[in-house]
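S.K.:
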Amino acid sequence: MTKLYSLGLGVGTHNQKGEWLEVFYPSPLLAPSDATATAVADTLGYEGGNQALTLTAEQARALSKALADAGDTAQAAIADTLASSERPLVATLLAADEAPTNVPEGYLKLHLLSHRLVKPHGTNLTGLFGVLPNVAWTNAGAIDLAELPAKQLEARLKGELLDVACVDKFPKMTNYVVPAGVRIAHTARVRLGAYLGEGTTIMHEGFVNFNAGTDGPGMIEGRISAGVFVGSGSDLGGGSSTMGTLSGGGNIVISLGKECLLGANAGTGIPLGDRCTVESGLYITAGTKVAVLDDNGKDVDTAKARDLAGKSDLLFRRNSLTGRIECLTNKSSVQLNEELHVNA
């Protein structure tokens, strides 16, 4: 019997050197059944480890039959469909949750996140930036940057326009997967590898990076940086932001608990517990000096914001008379309008 951490049958894009630019996995698996893993391993001659095996059409057809015999009709149908493709095919088998070493492995892990099979920080993405190539994402698909000028000229000679939507290592999520029960007003602002829980609404100025996201439901009009996870019922107001570990957060993993509110243009560089509020325009960093108040508004202590990290029922505000930053118990929690998060 073969045991795997993850398995994906995919179709993707090569550059002219035969190097992978991207891979689409229609139905990736986390912890596939032993029967499915064994059928794939035996058919492809897999001998262990993390491998991305290029498939021929003949191998895809053989794989379809082996999977059907193993009782996995869903993956059998995918393999059968892939067999008719003229694009490069790949079977990516991950024996263990290790750092990705090539593009197919990296894309499989990003798919696991966006398909809600793992949550942010739930799979090893160490070194992913170095693995993924910078790509021109166009209306004709992914194009190697070195090959882009020739492709642009080729399109012009045909009287066509090659529209370059962006140049990035990460594509937009919705070109690969659209999770059930979400609304995304501007799809380019959600990267593949984002995790969007059911009931999540991303407004036009909202942004969700890879390995980040929301438990849902939630209203996101601000920025969810890489590595940040937002609990259910929380609201990020317009222009608000969260500090990712790649943006100066060090080793602190930023998160928001349930029913939190970041006001418009507010932000946090510390993890927040449940039912916390940061008032509009106030950005809290780990070293921010905070006056801690009791329920009667009396000074109790002065602390750095990092000392309050992860605690629940806190309200952070700036005193409009003195300018100092204060923290007191938040006696009310955020109540989101349920009708806004019915995204069927």
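For the sequence shown, this note's numbering begins at 845 and goes up steadily by one. Just so it is clear, CB atoms sit at the ideal spot from N, CA and C, and this is done for glycine as well. In this text, all values refer to a predicted model and were calculated from it rather than measured experimentally.
What does a CB cutoff of less than 6 Å around R1161 pick up in its chain, not counting 5 residues either side in sequence?
M.R.: E1123 and E1170
S.K.: Is the beta carbon of P1061 less than 8 Å from the beta carbon of T1044?
M.R.: yes
S.K.: How many angstroms separate the CA atom of G1092 from the CA atom of Y849?
M.R.: A caution first: G1092 carries a pLDDT of 45, below 50, which makes its placement in the model unreliable, though a value can still be read off. Whole-angstrom Cα-Cα distance: 32 Å.
S.K.: DSSP beta-bridge partners for A858?
M.R.: The sequence shown places His at residue 858, not Ala. Looking at the DSSP output, H858 shares a beta bridge with W864.
S.K.: Are K1148 and T1132 close, meaning C-beta to C-beta below 8 Å?
M.R.: yes
S.K.: Take the Cβ of K1002 as the centre, count every other Cβ of all protein chains shown within 10 Å, and call the residue buried at 16 or more, exposed below.
M.R.: exposed
S.K.: DSSP on T1129, reduced to helix/strand/coil?
M.R.: coil
S.K.: I want to know whether the region 987-1003 touches the region 847-866 - three or more CB-CB distances under 8 Å.
M.R.: yes
S.K.: Could you spell out the range, first to last residue, of the beta strand (DSSP E) harbouring F1160?
M.R.: L1158 to R1162
S.K.: Straight-line CA distance for K847 to G1081?
M.R.: 44 Å
S.K.: Would you decide whether P993 is buried or exposed? Buried here means 16 or more other CB atoms lie within 10 Å of its CB.
M.R.: exposed
S.K.: Grab me the residues of T1166's own chain with a C-beta within less than 8 Å of its C-beta, minus the 5 sequence neighbours each way, in chain order.
M.R.: none
S.K.: Residue range of the alpha helix (DSSP H) that K995 falls in?
M.R.: For K995, the enclosing alpha helix (DSSP H) has its first and last residue at L992 to L1001.
S.K.: Alpha carbon to alpha carbon, how far is E863 from G1025?
M.R.: Straight-line Cα distance between these residues: approximately 35 Å.
S.K.: Leaving out the 5 sequence neighbours to the left and right, which residues in its chain are closer than 6 Å to D1145 when beta-carbon positions are compared?
M.R.: V1136
S.K.: Could you give the distance in angstroms between the alpha-carbon of G1037 and the alpha-carbon of K995?
M.R.: If I take the Cα positions, the gap works out to 28 Å.
S.K.: Can at least three beta-carbon pairs, one atom from the region 1010-1027 and one from the region 968-983, be found at a separation below 8 Å?
M.R.: yes
S.K.: Given this structure, state the Cα-to-Cα distance separating M845 from D878, to the nearest angstrom.
M.R.: Going by the C-alpha atoms only, they are around 6 Å apart.
S.K.: Spatial neighbours of V1072 within its chain, please: C-beta separation below 7 Å, excluding the five flanking residues on both sides.
M.R.: A1056, T1086, G1088, I1098 and S1099
S.K.: Rounded to a whole number of angstroms, what is the C-alpha to C-alpha distance between M1063 and D924?
M.R.: 40 Å
S.K.: What number of angstroms, rounded off, separates the C-alpha of A1153 from the C-alpha of S958?
M.R.: 28 Å
S.K.: Considering only C-alpha positions, which residue in the set D913, G1050, A918 and E891 is nearest to L853?
M.R.: A918
S.K.: Pick from T880, G1101 and R1168: whose alpha carbon is nearest that of T1121?
M.R.: G1101
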